Amino acid sequence: MNLKRTSVKTLEDVKIKLAALWAATMFCYLYADILSLFRAGMIEQIIAGEVSGFEINRAFLLGSAILMSIPTMMVVLSLILNPVANRYTNIILGGVHICIAIATTLMPGTGAYYRNPI
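Written as structure tokens, this is what we have:
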């Protein structure tokens with residue numbers, strides 16, 4: 213009987229850790245976005261409507277909103293999903309976000325920003 217209580221407690225600890233990791237991911241995205249505003253010419257690019265070769269239009273804004281909504285939703289979903297759904301959802305969406313992070317780091321114009329110390 214104690215074994216079952218321990219496993220439930222362990223399961224809850226994992227859910228809390230996953231929720232905290234998704235919250236940290238969200239804050240890292242926000243931190244990077246705010247720091248990118250300090251790059252020379254970034255504000256002018258935003259005002260002109262094109263940043264690093266990407267036009268700022270409705271599709272770009274929708275994609276950005278969806279990208280930021282996933283970690284926000286995963287904070288809650290990590291706490292309420294059953295263990296099997298939680299595992300697969302975190303693996304799939306975590307993998308998607310890792311691929312997006314790698315792709316945005318390798319984009320022309322941004323790679324040098326991340327490699328050079330300030």
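Start counting the sequence shown at 213; every next residue gets the next number (this note's numbering). Every residue gets a Cβ at the ideal spot worked out from N, C-alpha and C, and that includes glycine. This one's a predicted model, so the numbers in the text were calculated from it and none came from an experiment.
Spatial neighbours of Asn298 in its own chain (CB-CB distance under 8 Å, excluding positions within 5 residues in sequence) are listed in chain order as Lys227, Leu230, Leu289, Ser290. Put simply, of Tyr243, Glu224, Trp234 the residue whose alpha carbon is nearest the alpha carbon of Val287 is Trp234. Residue pairing by DSSP puts Val263 in a beta bridge opposite Phe266. Going by beta carbons, Ile268 and Gly261 fall inside the 7 Å limit. Tyr243 and Ala313 have their C-alpha atoms some 14 Å from each other. Its Cα nearest to that of Ile282, the residue Val308 stands out among Leu318, Tyr300, Arg251, Val308. The region 268 to 293 is shown to contain whole alpha helix (DSSP H) runs of 4 or more residues at 270 to 292, in chain order. With respect to the C-alpha of Arg251, the residue from Val296, Phe272, Ser264 having the closest C-alpha is Ser264. In the three-state DSSP reduction, Leu247 falls in the helix class (H, G or I). With a contact defined as Cβ atoms closer than 8 Å, Met280 and Met238 qualify at about 7 Å.
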